[in-house]
Structures are given as C-alpha cells and as structure tokens.
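Enquirer:
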Amino acid sequence: MDRKEYADLLLKTEHDYEYYEKKYPKRNLKEGAIVTRLAPSPTGFVHLGSLDCGFIDRVMASQSGGVCYLRIEDTDTKRTVDNGINMIIDSLNKFDITFDEGVTKDGEVGDYGPYIQSERGDIYKAFAKKLIIEDKAYPCFCNKEDEEHIKEIQTKNKEQIGYYGRWATCRKLNMEDVIEKINNGEKYIIRLKSRGNPNHRIKFKDEIIGKMEIPENNLDIPIIKSDGLPTYHFAHAVDDHLMGTTHVIRGEEWLASLDKHIDLFNNLGFDLPKYAHISTLMIDDNGTRRKISKRKDPWADINYFHKEGIPNEALVLYMATITNSNFEIWMNQNKDKSYKDFEFSFSKMPKGGTMYDHDKIINISKNFISTLTALEVYNRAFEYAKEYDSELLELLIRYKDYSVAIFNIEREQKKPRKDIAAFNDVKNQIWYMYDELYRPEIYDWQKITDLDDIKNIVKTYLEKYDVNDDKETWFNKMKEVAGDLGFASEMKEYKENPDKYKGSIADFSTVIRVAMTSKSMTPDLYDIMRLLGKDRMLMRLEMIK
RNA sequence: GGCCUGUUGGUGAAGGGGUUUAACACACCGCCCUCUCAAGGCGGCAUUCACGGGUUCAAAUCCCGUACAGGCUACCA
C-alpha cells in the first residue's frame with residue numbers, strides 16, 4: 186500500500202487538496218488593502234470581546250480598501266446553538282459592523298465559501314491527507330485515559346506536558362499496525378507530526394505587540410478530531426490560507442498557540458498571514474484584574490447595553506476609544522465627523538489588557554445623547570419603553586408632542602443639556618412632567634419649609650405669571666414678587682446682607698421649582714412652566730400639603 | 001511547574017533615550033457664571049513612571065534580575 190492509498194484509508198474525501206487550491210484563487214487586491222475576518226462561534230450570545238474584535242476587523246479592512254468577511258467556527262458541535270448564526274449577524278449589524286463577504290442571513294456571499302466550518306469537512310480532510318502522504322501527520326489511537334496517564338508521569342518528572350517525542354506512542358506505529366487497528370474498528374484522530382525543537386526560537390513580529398521570540402512547537406497537536414471535524418488550529422491554517430486572509434486579528438489569548446499555528450502553516454506549505462493580537466477586555470474584580478466573563482459580568486453579553494438603554498452608537502464610540510487611544514482627542518476636535526473618518530492603526534492599539542471602563546461608556550453615552558434632536562430622543566425613548574417600560578410607553582404615546590417638547594428643553598443648541606446618560610434614565614429625569622406620575626414633595630433642606638409660606642409664595646407669583654411672558658419678563662416678575670415678599674432680588678445684595686432678607690432669589694425660585702416639580706434639580710424652569718401651563722400649576726399648588 | 005505578555009495618578013491611558021516642570025479623557029475637589037441642576041469657563045489633583053542593579057554626558061524610555069498581574073498549557077474556540 187502506498188502512502189496515497191494509506192491516506193485514503195484514513196480519511197475519505199471527495200476531492201484532494203489540489204482541487205481546493207485551484208478552486209479558490211488568490212485574491213486580487215490593490216496595494217495596501219488588507220483582508221480580515223471575524224470568526225465567532227455560534228454559542229447563542231455575542232461577547233463584548235467579539236464585538237471589539239469585529240469592530241477592528243471592519244475598520245481596518247474598510248480604511249485600507251480591503252475586505253472583511255464573516256466566517257462561522259462551529260466545529261465544536263456541543264456548543265453550537267440553533268439560530269446562533271442569525272443572532273450574531275443581527276447583533277453585529279446593530280453596531281454598524283457589516284461584512285463584505287461570508288455568511289449572511291440570506292445565504293453566503295463571496296467566492297471562498299462555504300464560510301461555515303461545519304460545511305467544509307471535505308476541505309480539511311483533503312489537507313490533512315496531504316500531510317499524511319508527506320508523512321507530516323499520522324493517526325493516533327490513544328484515548329483520554331492514555332493521555333491522562335502520560336500527563337501524570339510528565340508532571341511527576343517535571344517534564345514538558347503533552348503529546349510529543351518519545352511520549353507520542355502512535356507516532357511510531359507503522360502502516361501495518363495502523364491498518365490492523367482500523368480493521369479492528371478502533372477510533373482515531375489525526376495528529377500533526379511536529380519536527381519542531383523547543384530549543385530553537387522563532388523570531389516573530391506581531392502587528393500590535395511588536396517583536397517577540399517564542400520557542401518552536403514540538404507538540405503533535407490534534408488536527409482532525411474523532412468526529413471528523415478539524416480542531417481550531419487546523420481550521421485556522423486551512424481557512425485563512427484558502428480564504429486569503431492577510432491579517433488575522435484575534436484575542437490575545439491566542440498568542441500562546443502561535444507556535445502551533447506557525448508549525449502548521451510551515452508543514453502545509455502556506456505563507457504565514459500577519460497577526461494582530463488584540464488585548465483582552467479585563468475587569469477590576471476587588472483589586473485583581475481578570476478577563477471579563479459572561480458568567481460574572483452581565484456586560485460581557487452585548488445585549489446588556491440594549492437593556493440599559495445605552496445607544497449602540499455610544500458603544501461603538503467606546504470601542505473606537507479603546508482601540509486607539511488617540512481617537513478620543515481626534516473626536517473632540519472633529520465632532521461633526523464619523524469615527525469612520527479616523528485612521529486607526531495597529532501600532533496604537535493597547536498591549537497587555539484593556540480595562541473595561543463603565544464610567545467612560547456612560548460618559549460617551551451622555552455626550553452622544555446630548556447631540557440628538559428632541560424627536561430622536563423621543564423615538565429612542567419610545568423604542569426603549571416599548572421593550573422595558575410600559576408605563577412610560579403609554580405616556581409617550583398619549584402625549585407625543587408634549588413629550589418631544591419636554592425633551593427639547595435646553596436641547597437643540599450649541600451647548601445642549603447633558604442629563605440623560607442612557608434611556609433607562611429617561612423616566613427618572615422627566616416623570617414629574619406627567620400629572621399621572623406627579624407626587625408633591627417638600628424637602629427639609631429648603632430655606633423655606635413652612636407650608637403656608639410656600640403656598641403664599643407660589644400663589645402670589647402665579648397670580649402675576651403669564652404663559653406668554655418672554656424669558657426676561659418672566660424673570661423680572663419673579664424678582665419683583667421675591668422682593669415684595671422679603672427676598673433679595675439680586676444675588677449680590679443678598680450676599681452682602683443676608684440677614685436683611687428671608688432668602689435670595691435663588692431660594693425663592695427653589696420654592697417655586699420644588700412646588701411645581703417636586704424636584705430640586707430640573708432643566709430650565711421657564712420652559713418647564715410654559716409646558717405645564719397656568720392651570721396645571723394651580724392644580725399643583727392645591728396639591729401641596 | 002513551563003511558555004508568552006504586561007506593570008505610568010483615584011480610574012482608563014499617552015509617551016519607546018534629551019523638546020516631560022509626564023499629554024488627553026473620566027472621576028473627584030475648589031472657584032466663576034447662574035433661578036436650581038446639568039452644561040460651560042478657570043484652577044487643583046504622579047517631585048515621578050512596580051522594585052533592585054547596569055549601560056549612557058543624559059533613562060519612564062535600552063539591558064539584566066526580582067516581585068506582582070494576566071493569558072495559554074483540551075479530540076473548546
């Protein structure tokens with residue numbers, strides 16, 4: 186039996202690797218264009234880290250005039266979830282991450298498919314066969330127990346752990362042994378026959394981390410599992426070669442397997458793509474840093490931000506901010522531009538580990554919302570309420586114009602109000618504007634706490650108040666009434682002689698503000714009063730008790 | 001244990017031999033403006049870049065060691 190027949194016996198394939206090499210031609214790219222890919226597993230949720238990676242894939246491909254495609258890595262059949270693929274596509278789309286090629290909701294786009302790994306079984310096997318024929322791979326019949334046993338001895342002897350060299354017993358099997366075992370129906374996997382020597386060091390340059398040196402791989406890593414599907418490492422080498430990926434952008438946790446990937450690319454005779462290992466998103470957990478996890482950190486799932494009412498755009502801006510530290514400075518100088526106009530670079534991406542900063546996201550969100558028009562805020566609040574707050578939704582529907590007017594207070598101007606940090610905060614900011622939710626409240630920290638005094642102040646003022654007053658008149662009337670009732674109408678006068686007065690104009694207006702809104706912190710009182718109207722204010726006066 | 005990576009203020013971080021009396025942002029604290037708050041303006045907030053040694057006229061920046069942190073060490077990705 187020659188090696189070709191031997192390989193055929195080990196792995197049945199429809200085509201050989203030459204067929205696939207021919208089927209997928211080299212890409213025609215313009216100078217400097219890069220090809221990136223996002224390769225998530227359809228496990229039923231999208232990790233914040235995947236979003237970050239997808240953001241970088243998209244942005245780096247776009248700005249170079251290249252291609253960014255979506256590949257689905259579902260070789261772990263135990264973890265794949267129904268509809269997981271659509272979920273990934275939908276989620277990513279919301280964050281402005283779209284793909285030029287690969288898996289879409291209506292089938293696949295592009296010349297390098299299939300883009301779903303579970304549908305590429307024949308391709309992986311064809312390349313594994315190539316390795317077997319060239320004596321660079323071999324079948325292994327060891328089971329879990331055998332490997333555990335090896336590991337135990339290795340640990341005791343303080344030797345390198347793993348399947349390699351003299352420990353790799355199946356490596357020594359000759360063709361006859363193998364054929365006999367197969368005829369006996371024994372299960373097997375295919376392993377790489379590594380010729381690496383860990384005493385040799387490979388010089389390598391990562392696009393982000395820069396120069397580094399790692400020992401050569403000498404482990405006979407599995408490339409085809411017993412279920413016939415490839416391991417991540419093997420699929421990575423075959424796919425990224427065939428699909429023409431120029432830049433493999435992935436999480437830092439993969440850095441440790443780089444030696445294996447280099448070994449694989451060399452043995453397969455493929456050119457090594459460029460690598461960019463992006464730093465892991467970390468969280469400060471009681472003083473120690475750790476990788477964010479979906480179990481412990483709710484925000485690891487990007488749906489969390491939707492529930493919080495944080496706009497997708499804000500999260501994208503946060504991604505941009507942590508991707509290149511100089512982005513934030515640029516953005517502040519180019520407020521009218523899109524993040525897509527910024528030129529991101531690998532060299533400015535963080536090394537090591539990026540701290541997840543929720544305060545920063547809130548701040549970005551607050552600034553972003555402040556740039557929206559009143560109607561946009563209304564629409565977004567509406568969408569949010571539709572899912573999470575039926576009480577607010579009802580009010581927004583019943584009083585649409587009124588609500589838009591509320592959102593418009595101090596909004597559409599050069600320096601807009603920045604009170605809404607996220608849409609889950611909307612009700613907390615404006616509830617008192619709706620009679621349905623309004624509850625009167627008087628606070629003991631107020632300068633004036635006597636109920637009769639308060640009622641008298643509000644009543645006297647409301648008698649003079651006219652909804653049609655312009656702002657200046659409005660304020661002059663307030664000063665006038667304040668003066669009549671023994672308050673200082675000018676702050677300066679009050680500061681000079683505080684004992685002469687019952688309080689300042691500020692104290693006076695606080696009485697009105699609290700009596701009308703039951704809050705001490707509100708937007709512009711003039712606008713609020715115009716929206717409430719005299720009748721409703723008189724009603725609120727009656728409610729004081 | 002082994003291998004890889006990192007360590008700059010309250011926080012995220014910029015800076016990779018002299019232009020750093022260490023950028024910027026967030027947070028915090030003052031003051032100003034002001035009908036309140038928010039916003040805005042002004043100012044404060046690291047005598048110092050984990051520690052020890054070395055190279056150099058000169059180090060946060062280069063080299064070595066130590067400590068600490070993280071990642072990987074699956075027929076998971």
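For what it's worth, my numbering labels the leading residue of the first sequence as 186, then goes sequentially. Every residue gets a Cβ at the ideal spot worked out from N, C-alpha and C, and that includes glycine.
#1: Shortest alpha-carbon distance to D285 belongs to which of R256, D412, K329 and Y202?
#2: Below 8 Å, how does it come out for the region 230-240 and the region 262-279: are there three or more Cβ pairs, yes or no?
#3: When DSSP labels each residue in this structure, what does T465 get in the three-state scheme?
#4: What residue from S226, Q339 and H432 has the CA that sits closest to D261's CA?
#5: Where does the unbroken beta strand (DSSP E) through T289 begin, and where does it stop?
#6: Can you tell me whether T283 is helix, strand or coil according to DSSP?
#7: Please report the straight-line C-alpha distance between V407 and Q248, rounded to a whole angstrom.
#8: Look at the alpha carbon of M663 and the alpha carbon of K687, and state the distance between them as a whole number of angstroms.
#9: Considering just the uninterrupted stretch of the alpha helix (DSSP H) at G537, what are its terminal residues?
#10: I'd like the list of long-range same chain contacts for V288, defined as Cβ closer than 8 Å, with 5 residues on each side in sequence excluded.
#11: Leaving out five residues on either side along the sequence, give the residues of the same chain with a beta carbon under 8 Å from the beta carbon of D444.
#12: Tell me the residue span of the alpha helix (DSSP H) that contains V220.
#13: Can you tell me whether P458 is buried or exposed? The criterion is at least 16 other CB atoms within 10 Å of its CB, across all chains shown.
#14: Name the DSSP bridge partner or partners of S689?
#15: In this structure, what does DSSP give as the bridge partners for M397?
#16: Whole angstroms are fine: how far does the CA of L560 sit from the CA of D637?
#17: Would the beta-carbon of R721 fall within 8 Å of that of D651?
#18: On a Cα-Cα basis, can you pick out the residue from E365, D405, E657 and K290 that is closest to I346?
#19: Taking C-alpha atoms, which residue in H334, D291, Y323 and M428 lies nearest to Y297?
#20: By DSSP, does R356 sit in helix, in strand, or in coil?
#21: Which stretch, first to last residue, makes up the beta strand (DSSP E) that contains R435?
#22: In chain order, what are the residue ranges of uninterrupted beta strand (DSSP E) at least 3 long that sit wholly in the region 497-559?
#23: Between which residues of its own chain and I409 is the CB-CB distance below 8 Å, once the five residues before and five after are set aside?
Expert: Based on what the coordinates show:
#1: R256
#2: yes
#3: strand
#4: The candidate whose alpha carbon is nearest that of D261 is S226.
#5: E286 to T289
#6: coil
#7: A quick correction: the sequence has Pro, not Val, at residue 407. C-alpha separation (whole angstroms): 37 Å.
#8: 15 Å
#9: Run containing G537: none; DSSP gives neither H nor E here.
#10: Take V288, set aside five residues on each side of it, and the residues of its chain with a beta-carbon closer than 8 Å to its own are L255, R256, I257, I270, I274, Y300 and I301, in chain order.
#11: G381, I387, I399, P400, E401 and N402
#12: Unbroken run through V220 is the beta strand (DSSP E), V220 to L223; no alpha helix (DSSP H).
#13: Answer is buried; the Cβ neighbour count reaches 16.
#14: A673
#15: F389
#16: 40 Å
#17: no
#18: D405
#19: M428
#20: helix
#21: Here the beta strand (DSSP E) through R435 covers H432 to G436.
#22: 538-540
#23: Setting aside the 5 residues that flank it on each side, I409 is surrounded in the same chain by L196, Y309, K310, A313, I374, I375, P415, T416 and F419, each with a C-beta closer than 8 Å to its C-beta; the list follows chain order.
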